[in-house]
Amino acid sequence: PGTRFSFGLRVLAEAPKEAPEKADTITKQVVRRKVLVVDDNQAAADTLAMAVDYMGHEVEVASNGMEGLELAESYLPEIVLMDLQMPVMDGWEAARQLRGKPWAKDMVIVALTGWGQDEDRRKTKEAGFDHHLVKPASPAAIRQLLESAVKGSAMP
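Basically this note's numbering = 1-based index in the sequence shown + 454.
Listed below in structure tokens is the structure:
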């Protein structure tokens, strides 16, 4: 059991013919966010971190819930993308503890897991997660979440 992320890059034969002012408008719309990825699967965590970085955001990685809590306190991410099943401290407990910290009250915490049943979503909500994405989450869903970064709104 593991997670596989795949990303494709399009190659253009020639540069797009956009007006410079339109290109500047597109660039200004991207808000750079501080993101923390917490996952014990190092390959999955690194791949997700690379994708988040590629999307223009700052990213740090932790390998379990305890490490994620410690890093979150010093890094103060806006968004945490967290696996649930991890050694040392699982994602549910890490989310509960984050919600108890005054410095984390505005943090958006996202469960990124292989479990997607209604009961799983209920448990993550009770633990303090704002969103629940099922692995493998599409790059489009992750991008949408990072661009909106709203606590508790409906997400894919």
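The C-beta atom is built at its ideal place from N, Cα and C for all residues, glycine as well.
From a predicted model like this one, the values you see are computed outputs, not experimental measurements.
Beta-bridge partners of residue i, as assigned by DSSP
{"i": "MET536", "result": "VAL492, ALA565"}
{"i": "LEU587", "result": "LEU566"}
Close Cβ partners of residue i (< 6 Å) along its chain, the five nearest in sequence each way excluded
{"i": "VAL562", "result": "ILE533, ASP584, ALA603, LYS605"}
{"i": "GLY568", "result": "LYS589"}
{"i": "THR578", "result": "ALA565, HIS586"}
{"i": "ALA503", "result": "VAL491, VAL513, VAL515"}
{"i": "VAL506", "result": "VAL489, VAL513"}
{"i": "LEU535", "result": "VAL491, VAL564, LEU566"}
As assigned by DSSP and simplified to three states, the class of residue i
{"i": "VAL515", "result": "strand"}
{"i": "LEU530", "result": "coil"}
{"i": "VAL542", "result": "coil"}
{"i": "MET504", "result": "helix"}
{"i": "SER602", "result": "helix"}
{"i": "ARG597", "result": "helix"}
{"i": "ASP560", "result": "coil"}
{"i": "LYS577", "result": "helix"}
{"i": "MET520", "result": "helix"}
{"i": "ARG486", "result": "coil"}
{"i": "GLN551", "result": "helix"}
Chain-order list of residues whose beta-carbon lies under 7 Å from that of residue i (same chain, five-residue window excluded)
{"i": "ASP494", "result": "SER517, ASN518, ASP537, MET540, PRO541"}
Same chain only: Cβ atoms within 8 Å of residue i, ignoring 5 sequence neighbours per side
{"i": "GLY582", "result": "ALA549, ARG550, LEU552, ARG553, ILE563"}
{"i": "TYR529", "result": "LYS488, LEU490, GLU514"}
Segment contact, 8 Å Cβ cut-off, at least three pairs: the stretch 498-508 with the stretch 547-564: no
The stretch 556-575 touching the stretch 511-522, judged by at least three CB pairs closer than 8 Å: no
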